[in-house]
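J.: Provided herewith is a single structure, encoded as structure tokens, for subsequent inquiry.
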Amino acid sequence: MIYSFSSLPEEKTEVGGKAYMLAMMTQMGIRVPDGFILDAKPSQEELATIYQTLGDNFCVAVRSSATGEDSKEHSFAGQNSTFLFIRTREDLNNAINNCFDSILKESSTTYRKHFLGSAKAVPMNVVIQQMIDAKYAGVFFTKDPRDEDNGWLLEYINGVGEDLVSGKKTPRQIHENSHSDDIKPELVDEIVNVSRQLEEKYNQDFDIEWAIDDKDIVYLLQARPITAKNSISQIKKFGLEELERLKTQYSKDTTWDGQTFAELSINPSIFSTELWSDSFKKNAAFDKALQKIGYLGFRDMKEGESILDNVFGKNYVNLTQLAPLYFGPMPYSIEPLPRPHLKFHVSKINLKTILYTPKTVFKMVSAGLSVNTHRKEFINLASKDLISFSTIMDRPNDLSYYQTWSDDDLKGRLLKEMIVFTRDTLVWPYILISLTETTIQTLHSLLANIFNDQKAAELIRQWTGNGIRTETFEMGRYFKKACAKPELRGMFLEKYGHRGPGELDLISKRWIELGEDAFYDLSVEEYEKGKNNHTFIDVEEEINQFKTFKKTLVLEEWQLLKELLELREKWKMAILKPFAHFRYILLEFGKRYELPSNDIFWLNAEEIIRFDKAAYASRIEERKLKSKLFKHFNFSAVTSIQEIENVLNNQQPQNDNLKGEGISPGLVKGEVLVINDPNKWKNIKWPANPIVVAESTDPGWTPIFTKAKGIIVSKGGVLSHCAIVAREMGIPAVSGIINCHNKFKGGENVWLDGNDGTIRII
């Protein structure tokens, strides 16, 4: 049925918060862009009525409005679909259908499950209204979310407000006691007066989206209760509280790296955060790895202090604390870009550094020689230990494995597994990561001396994509084969079932749990046609053709890098088997404690051992909510307290050009598909040429990679999982598009250039 804003009955709240408030504001006499509401996909007769109402020359916005969204308790901002500047009947029809289908979109499904307790589709409605070609647009807060005593706050940008809400543009601000150089005072007063009408009628505060056209006419586009847990005001408050925590806990010059360990830079659950953080403490795996290579390690660190910090719900390595772990108190720091490297600071020389300089220089020289001369020995030792480790840790992929264990045995096993994993299991993986970083820097330096920086980076990208054969690549090939030949799926799960999308967070399901749902149907013909698409190149032969005496050094470094990369992936495959058993143990605890699905993962080890349901229930909900809200904040792969403060205060220079780093070459045109939860990939409506957009990926995204035509990520360097697997599979990919998973809504047509890292919206 079709309802106009002026005719919607006041009791008909089931049209969704967005549509309902637009109608109610219209009936209050507030200026809202004219429009109407559809409560179901229109019939041909209703479409004809819509076309007749709009006429031939129209420009409209089409927005979804689901029941339960933007209510006092919840806000679905950005979860469903919006289509702007629709001018043709064909585009209008497509926009309407896409809006109704967006209730099944992955992010909306996840959101409903979290806030409404069910992923079941709720009634969807669609709003069609006049498009305002805004000169200015923004959000008005009836109470400043940073400090209610400051009065109201208005944020605005030039152009449509969608760019502000999605994070594409950085807004300017007007406070209650300030003014704007752009917007006339009487127009600001009009917005304030309208907000007062809403406050008086509904007896609550609001976040109000508004626009001003080129004739200086003010329109209200949306009104959302400020008390919604996911309202813009609540998000800002959480952000400011987290910033204050960081400023209190860390020095103002603290810098964090989310690039080297990009796959850990997720919003992990509490137990996963604790587990990974413990491995970066004194006498734990990372400390042992540094010392084994020849560095100082955590000698001067306090017991229990970790250098893996949780920043806005994500894991980052603290570069400020990391630097002294290599050589001691020399006046140097780790410069994170383009890759982490040491930088000497003359201005920081003092008596202590002078006294320590001979020791430190000797340590630098010794460690450097050790790394360069013993890498092959490290590779041989790691390969040997991998065999024994895989034998010892060979365990069944069986979720019921711990069902018969007593409570005491289960608790004892959990604590023992944590000690072994964080202190011993991860030592070789951390050594291999460190040696890989060292080797690629050496190789890049050699190639840059022969050619130039750009050519060096290009060769390394090509060689690491087409010159190696990683375990992850083989897993991807086997996966596609199992999709085409169902009789192989059992064997695939037997070998790889301990892995899965989002696998570094224990809250994520493993493939063995998904069973048949881990696969998609692929014809044998399609499989045979595509199985040989990847072309391997003989890198050694290419190097031997170099016209320089340095080719021997280049060849040696390449051979080491190749072995390190392939061995790194093999070790990762091995360690994720015992890692999956943490999940199986926690799931068993969850059953015994009668907790809702996945709640057990929001407790730390001590809380699991000393479980108190009454005391922990509210704690779990608070942590889940905080994690959800933290997903609205996105910073650079290498960030700092200063950058975070600038972002929260809208002082960070905006980056609208969609230019990142090309990590897998190629040029492709396709339709954007935003994926926030890779576990839901089968429930997504896939376009013909999907350009997958995500914050970051891990090897558990293999099924998604096999369907993608292009990939855009926020985080992940040239040696990240995304980069290597994309190159192995021949998929163009770009990294470093900050906040890409929020900037894109899905459905945009883009050109992706993996050669120079540019994205162009068509």
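If you want this note's numbering, it's the position in the sequence shown, counting the first as 1, plus 17.
Beta carbons are placed, not taken as given, at the ideal position from N, Cα and C, and that holds for glycine.
Computed from a predicted structure; not experimentally measured.
Can you give the Cα-Cα distance for Gln471 and Leu431, rounded to whole angstroms?
T.: Numbered from 1 along the sequence shown, position 454 holds the residue referred to as residue 471. Numbered from 1 along the sequence shown, position 414 holds the residue referred to as residue 431. Computed Cα separation, rounded: 48 Å.
J.: For Val664, I'd like the list of residues in its chain whose CB is within less than 8 Å of its CB, leaving aside the five on either flank, ordered along the chain.
T.: Taking the first residue of the sequence shown as 1, we reach residue 664 at position 647. For Val664, where only same-chain residues beyond five positions count, the Cβ hits under 8 Å are Phe650, Phe652.
J.: Curious, which full-length alpha helix (DSSP H) runs of at least 4 residues does the stretch 615-675 contain?
T.: Entirely contained in the stretch 615-675, the alpha helix (DSSP H) runs reaching 4 residues are, in chain order, 622-626, 630-647, 658-665.
J.: For the structure I just gave you, are there three or more beta carbon pairs, one from the stretch 708-721 and one from the stretch 510-519, closer than 8 Å?
T.: Contact holds: three or more Cβ-Cβ distances are below 8 Å.
J.: Can the beta-carbon of Lys254 be found closer than 8 Å to that of Pro162?
T.: Numbered from 1 along the sequence shown, position 237 holds the residue referred to as residue 254. Numbered from 1 along the sequence shown, position 145 holds the residue referred to as residue 162. Yes, these two residues count as a Cβ contact at 8 Å.
J.: Does the distance from the CB of Ile149 to the CB of Tyr236 come in under 8 Å?
T.: For the purposes of this step, residue 149 is identified with residue 132 of the sequence shown, where counting begins at 1. For the purposes of this step, residue 236 is identified with residue 219 of the sequence shown, where counting begins at 1. A contact, by the Cβ cut-off of 8 Å.
J.: If you draw a straight line from the alpha carbon of Ile554 to that of Asn483, how long is it in whole angstroms?
T.: Translated into the one-based positions of the sequence shown, residue 554 becomes position 537. Translated into the one-based positions of the sequence shown, residue 483 becomes position 466. Spanning the two alpha carbons is a distance of roughly 6 Å.
J.: Tyr128: buried (16+ other C-beta within 10 angstroms of its C-beta) or exposed?
T.: Taking the sequence shown and counting its residues from 1, the one referred to as residue 128 is at position 111. Summary for Tyr128: the model assigns pLDDT 37, below 50, so the residue's position carries little reliability; its value from the coordinates is reported in the next sentence. Label assigned to Tyr128: buried.
J.: Assuming Trp768 is part of the alpha helix (DSSP H), what are its boundary residues?
T.: By one-based count along the sequence shown, residue 768 stands at place 751. Trp768 -> not in any alpha helix (DSSP H); beta strand (DSSP E) instead, spanning 766-770.
J.: Buried or exposed: Met42, going by 16 or more other Cβ atoms within 10 Å of its Cβ?
T.: As a position in the sequence shown, residue 42 is number 25, starting the count at 1. Label assigned to Met42: buried.
J.: Do Gly256 and Tyr333 have their beta-carbon atoms positioned less than 8 Å apart in this structure?
T.: In the sequence shown, residue 333 corresponds to position 316, counting from 1. In the sequence shown, residue 256 corresponds to position 239, counting from 1. Not a contact, by the Cβ cut-off of 8 Å.
J.: When you compare only the Cα positions, how much space is there between Ser713 and Lys587?
T.: Within the sequence shown, residue 713 is the residue found at index 696, counting from 1. Within the sequence shown, residue 587 is the residue found at index 570, counting from 1. So the two alpha carbons sit approximately 21 Å from each other.
J.: How far does the beta strand (DSSP E) with Ser681 in it extend, from its first residue to its last?
T.: On the sequence shown, residue 681 is found 664 positions in, with the first residue counted as 1. That run of the beta strand (DSSP E) goes 678-681.
J.: For the alpha helix (DSSP H) that contains Ser294, what are its first and last residues?
T.: Here residue 294 refers to the residue found at position 277 when the sequence shown is read from its first residue. Residues 287-295.
J.: Tell me which residues share the same chain as Ile729 and place their Cβ nearer than 6 Å to its Cβ, disregarding the 5 neighbours each side in the sequence.
T.: To locate residue 729, count along the sequence shown from 1; it is residue 712. Contacts found: Val710, Val751, Ile754, Cys757.
J.: Met42 lies in the alpha helix (DSSP H); which residues open and close that run?
T.: Along the sequence shown, one-based indexing puts residue 42 at 25. Segment 34-44, the alpha helix (DSSP H) holding Met42.
J.: What residue from Gln69, Glu745, Glu216, Glu488 has the CA that sits closest to Thr481's CA?
T.: The residue given as residue 481 occupies position 464 in the sequence shown. Taking only the C-alpha atoms, the option nearest Thr481 is Glu745.
J.: Drop a sphere of 10 angstroms on the beta-carbon of Asp224, count the other beta-carbons inside from all chains shown, and report buried for 16 or more, exposed for fewer.
T.: The sequence position of residue 224 within the sequence shown is 207, counting from 1. Its Cβ being crowded by 16 or more others within 10 Å, Asp224 is buried.
J.: Provide the residue(s) that pair with Gly155 in DSSP beta bridges, ordered along the chain.
T.: In the sequence shown, residue 155 corresponds to position 138, counting from 1. According to DSSP, which records beta bridges pairwise, Gly155 is partnered with Tyr173, Trp227.
J.: Taking the alpha-carbon of Ser451 as reference, which of Pro140, Gly311, Lys732 has the nearest alpha-carbon?
T.: The count along the sequence shown starts at 1 and reaches residue 451 at position 434. Nearest of Pro140, Gly311, Lys732 to Ser451, Cα basis: Gly311.
J.: Indicate the three-state DSSP secondary structure (helix, strand or coil) for Phe102 in the structure shown.
T.: Reading the sequence shown from its first residue, position 85 is the one you call residue 102. Strand at Phe102.
J.: Output the boundary residues of the alpha helix (DSSP H) element that contains Val211.
T.: Along the sequence shown, read from residue 1 onward, the residue named residue 211 stands at position 194. Residues 202-219.
J.: At which residues does the alpha helix (DSSP H) containing His758 begin and terminate?
T.: Residue numbering aside, residue 758 sits at position 741 when the sequence shown is read from its first letter. Taken as a continuous stretch (DSSP letters only), the alpha helix (DSSP H) holding His758 covers 757-760.
J.: Counting only runs of 3+ residues fully inside the stretch 408-432, write out the beta strand (DSSP E) ranges in chain order.
T.: Runs found: none.
J.: Pairs of beta-carbons, one from the stretch 500-512 and one from the stretch 674-686, closer than 8 Å: are there three or more?
T.: No contact exists between the stretch 500-512 and the stretch 674-686.
J.: Short check: CB of Phe761 to CB of Val691, under 8 Å?
T.: Counted from its first residue, the sequence shown places residue 761 at position 744. Counted from its first residue, the sequence shown places residue 691 at position 674. Result yes, Cβ atoms of Phe761 and Val691 sit closer than 8 Å.
J.: Just the Cα atoms here: how many angstroms apart are Asp425 and Arg316?
T.: For this step, residue 425 is matched to residue 408 along the sequence shown. For this step, residue 316 is matched to residue 299 along the sequence shown. Distance between the alpha carbons of Asp425 and Arg316 is about 35 Å.
J.: Which of the three DSSP states is assigned to Gly734 in this structure?
T.: Here residue 734 refers to the residue found at position 717 when the sequence shown is read from its first residue. In the structure shown, Gly734 sits in coil (DSSP, three-state: anything other than H, G, I, E or B).
J.: Specify the secondary structure class of Ala340 as computed by DSSP and reduced to three states.
T.: The residue given as residue 340 occupies position 323 in the sequence shown. Reduced to three states, the DSSP call for Ala340 is coil.
J.: Do Ile467 and Lys567 count as a contact pair if the criterion is CB distance below 8 Å?
T.: Residue mapping note: residue 567 aligns to position 550 of the sequence shown, counting from 1. Residue mapping note: residue 467 aligns to position 450 of the sequence shown, counting from 1. For Lys567 and Ile467, yes; Cβs fall inside 8 Å.
J.: Measuring only between beta-carbons, confirm whether Phe303 sits less than 8 Å from chain B.
T.: Chain labels in this structure do not include chain B; a single protein chain is all it has.
J.: By Cβ distance below 6 Å, which residues in the same chain neighbour Asp326 in space, the five residues on each side in sequence not counted?
T.: For this step, residue 326 is matched to residue 309 along the sequence shown. Answer for Asp326: Tyr333, Asn335, listed in chain order.
J.: Taking the DSSP output, what are the residues bridged to Tyr236?
T.: Taking the sequence shown and counting its residues from 1, the one referred to as residue 236 is at position 219. For Tyr236, which the question treats as bridged, DSSP gives the partners Ala228.
J.: Report the residue from Ile252, Asn693, Phe406 whose alpha carbon sits nearest the alpha carbon of Gly763.
T.: In the sequence shown, the residue the question calls residue 763 occupies position 746. The shortest C-alpha separation from Gly763 is found at Asn693.
J.: So what does DSSP say about Asn549, is it helix, strand or coil?
T.: Taking the sequence shown and counting its residues from 1, the one referred to as residue 549 is at position 532. Looking at Asn549 - three-state DSSP - the assignment turns out to be coil, as it is neither helix nor strand.
J.: Under DSSP, the alpha helix (DSSP H) around Gln458 begins and ends at which residues?
T.: Locating residue 458 in the sequence shown gives position 441, counting from the first residue. 444-467 is the extent of the alpha helix (DSSP H) around Gln458.
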